[in-house]
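So the protein lines, in turn, are chains H and W.
Note that my numbering has the first sequence beginning at 27, numbered continuously upward.
Note that my numbering has the second sequence beginning at 27, numbered continuously upward.
Beta carbons are placed, not taken as given, at the ideal position from N, Cα and C, and that holds for glycine.
This structure is a prediction, so every number in the text was calculated from the model and none was measured.
Quick notes on the structure that follows.
Protein chains: 2
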Amino acid sequence: MRYGIAVFPSKKVQDVANSYRKRYDPHYALIPPHITLKEPFDAEENEIEEKIIPELKQIAKNTEPFSYGIYKVSSFSPVTNTIYLKVEPSEEIFDLNDKLHTGSLPEKKDFKFVPHITIAQKLSDDEFFDVYGSLSMNKFDIQDNIGRFQLLYQLENGAWSVYETFRLGEG
Amino acid sequence: MRYGIAVFPSKKVQDVANSYRKRYDPHYALIPPHITLKEPFDAEENEIEEKIIPELKQIAKNTEPFSYGIYKVSSFSPVTNTIYLKVEPSEEIFDLNDKLHTGSLPEKKDFKFVPHITIAQKLSDDEFFDVYGSLSMNKFDIQDNIGRFQLLYQLENGAWSVYETFRLGEG
Chain H
27 MRYGIAVFPS KKVQDVANSY RKRYDPHYAL IPPHITLKEP FDAEENEIEE
77 KIIPELKQIA KNTEPFSYGI YKVSSFSPVT NTIYLKVEPS EEIFDLNDKL
127 HTGSLPEKKD FKFVPHITIA QKLSDDEFFD VYGSLSMNKF DIQDNIGRFQ
177 LLYQLENGAW SVYETFRLGE G
Chain W
27 MRYGIAVFPS KKVQDVANSY RKRYDPHYAL IPPHITLKEP FDAEENEIEE
77 KIIPELKQIA KNTEPFSYGI YKVSSFSPVT NTIYLKVEPS EEIFDLNDKL
127 HTGSLPEKKD FKFVPHITIA QKLSDDEFFD VYGSLSMNKF DIQDNIGRFQ
177 LLYQLENGAW SVYETFRLGE G
């Protein structure tokens with residue numbers, strides 16, 4: 027099965043993100059707004075149960091909850107036409123991302139970690155310039171907390187279902 | 027915020043359910059296939075954190091994982107035109123449903139508990155008779171396990187996001 031690890035931000039942030047995703051993100055229906063902490067990887071269910079979940083519990087236990095800010099949108103252009111709420115980088119979120127690429131957890135990173143919440147993707151170039159031109163004028167002043175992360179798995183229709191939650195600072 | 031408690035069945039069951047939901051369930055994009063254990067209720071986040079989550083942990087700890095079978099589809103007609111995969115009733119699932127209506131957890135039950143996985147809803151009467159006539163001929167022979175339940179909350183767009191997972195038999 028295909029697994030991934032993500033944080034679902036608080037309701038207020040998810041509602042803001044969805045107000046854009048509804049119009050601009052074809053993945054709107056496949057998963058709620060999220061910060062990907064680990065790109066999708068393939069694993070067997072027994073490996074998940076016996077090795078990966080115990081390690082995720084340890085990582086969660088050894089990581090204190092932390093806060094982050096969102097102040098603007100940004101984009102991965104010209105690599106892709108993805109637009110996102112920029113999660114202000116912090117030592118805490120980079121540390122957590124690093125920990126999730128150690129031990130039994132696949133270490134492969136296809137991309138440098140850029141913490142973000144996607145709000146638009148797969149736009150045509152014309153749409154992208156139009157939408158990004160307008161969204162990039164927006165200023166945000168959002169403070170939010172990360173107190174847990176989620177192990178998800180992908181269904182045949184592409185949607186993601188939560189397998190388990192891991193609370194930071196708890197074991 | 028509006029909360030609910032549900033079980034997400036295994037991937038194999040979710041994939042079967044989605045093969046029907048895609049065509050017949052307008053809630054397809056709002057939540058993965060699920061067994062509702064507690065109807066939506068309103069609560070404040072501090073009440074969730076301080077009272078409800080500790081009680082859910084206790085309930086999970088005191089409930090052993092259990093299996094269930096799916097052998098046929100059934101429907102809530104004539105009350106509603108909902109069609110569902112019938113979760114074979116068992117003492118375990120009724121007990122768990124009962125426990126989730128005790129203590130600080132709202133006790134109100136609008137309906138008698140009928141364990142099910144919705145695959146079609148809000149059909150017109152004509153569609154209903156057509157779809158149910160065809161689906162009710164199907165026989166299933168699915169065995170699945172319930173090893174956890176999830177506390178969810180509803181976003182402004184109607185979609186449900188997972189707040190936390192509770193593993194049965196673990197504290």
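Closer than 8 Å to chain W by CB, residue i
| i | result |
| --- | --- |
| MET27/H | yes |
| TYR179/H | yes |
| LYS83/H | no |
| GLN147/H | no |
| ASN164/H | no |
Residue i - partner residues in DSSP beta bridges
| i | result |
| --- | --- |
| LYS112/W | HIS142/W |
| GLN180/W | TRP186/W |
| TYR29/H | PHE67/H and TYR179/H |
| ASP136/H | Note: ASP136/H sits in no beta bridge, so no partner. |
| PHE192/H | PHE175/H |
| SER101/H | ILE109/H |
| THR62/W | ALA32/W |
| GLN169/W | GLY95/W |
Close-in-space but distant-in-sequence residues of the same chain around residue i (CB under 7 Å, 5 per side omitted)
| i | result |
| --- | --- |
| GLN169/W | SER93 and GLY95 |
| LYS134/W | none |
| PRO115/H | PRO141 |
| ASP136/H | GLU65 |
| GLY184/H | LEU56 |
| ASP51/W | THR144, ILE145, ALA146 and GLN147 |
| ARG47/H | TYR54, PRO59 and ILE145 |
| VAL157/H | TYR50, ILE109, ALA146 and LEU149 |
| LEU63/W | ILE31, ALA32, VAL33, LEU122, ASN123, LEU126 and PHE175 |
CB contact below 8 Å: residue i versus chain H
| i | result |
| --- | --- |
| ASP170/W | no |
| THR191/W | yes |
| VAL33/W | no |
| ASP51/W | no |
| ALA55/W | yes |
| LYS37/W | yes |
| GLU182/W | yes |
| LYS48/W | yes |
| ASN44/W | yes |
Nonlocal neighbours in the same chain, by C-beta distance under 8 Å from residue i, ignoring five residues either side
| i | result |
| --- | --- |
| SER130/W | GLU73, LYS77, ILE78 and GLU81 |
| LEU178/W | TYR29, GLY30, ILE31, ALA32, ILE57, TRP186, SER187, VAL188 and TYR189 |
Same chain, Cβ closer than 6 Å to residue i, five either side skipped, listed in chain order
| i | result |
| --- | --- |
| ALA69/H | TYR29 |
| PRO132/H | PHE67 |
| THR191/W | ARG174 and GLN176 |
| PRO35/H | ASP170 |
| GLN180/H | ARG28 and TRP186 |
| LEU122/H | THR89 |
| GLN107/H | Checking the sequence, you will find Asn at residue 107/H rather than Gln. Same-chain partners within the cutoff: LEU149 and PHE154. |
| GLU118/W | PHE92 |
| PHE139/H | ASN123 |
| HIS60/H | ALA32 and PHE34 |
| SER162/W | VAL99 |
| TYR97/W | PHE166 |
Partners in chain C for residue i, counting only beta-carbon separations shorter than 7 Å
| i | result |
| --- | --- |
| SER187/H | Protein chains in the displayed structure are H and W, and chain C is not among them. |
According to a CB-to-CB cut-off of less than 7 Å, which residues of the stretch 127-140 of chain H neighbour chain W? Those would be none; no residue qualifies.
Could you list the residues in the stretch 69-103 of chain H with a C-beta less than 7 Å from some C-beta on chain W, going in chain order? Within the stretch 69-103 of chain H, no residue qualifies.
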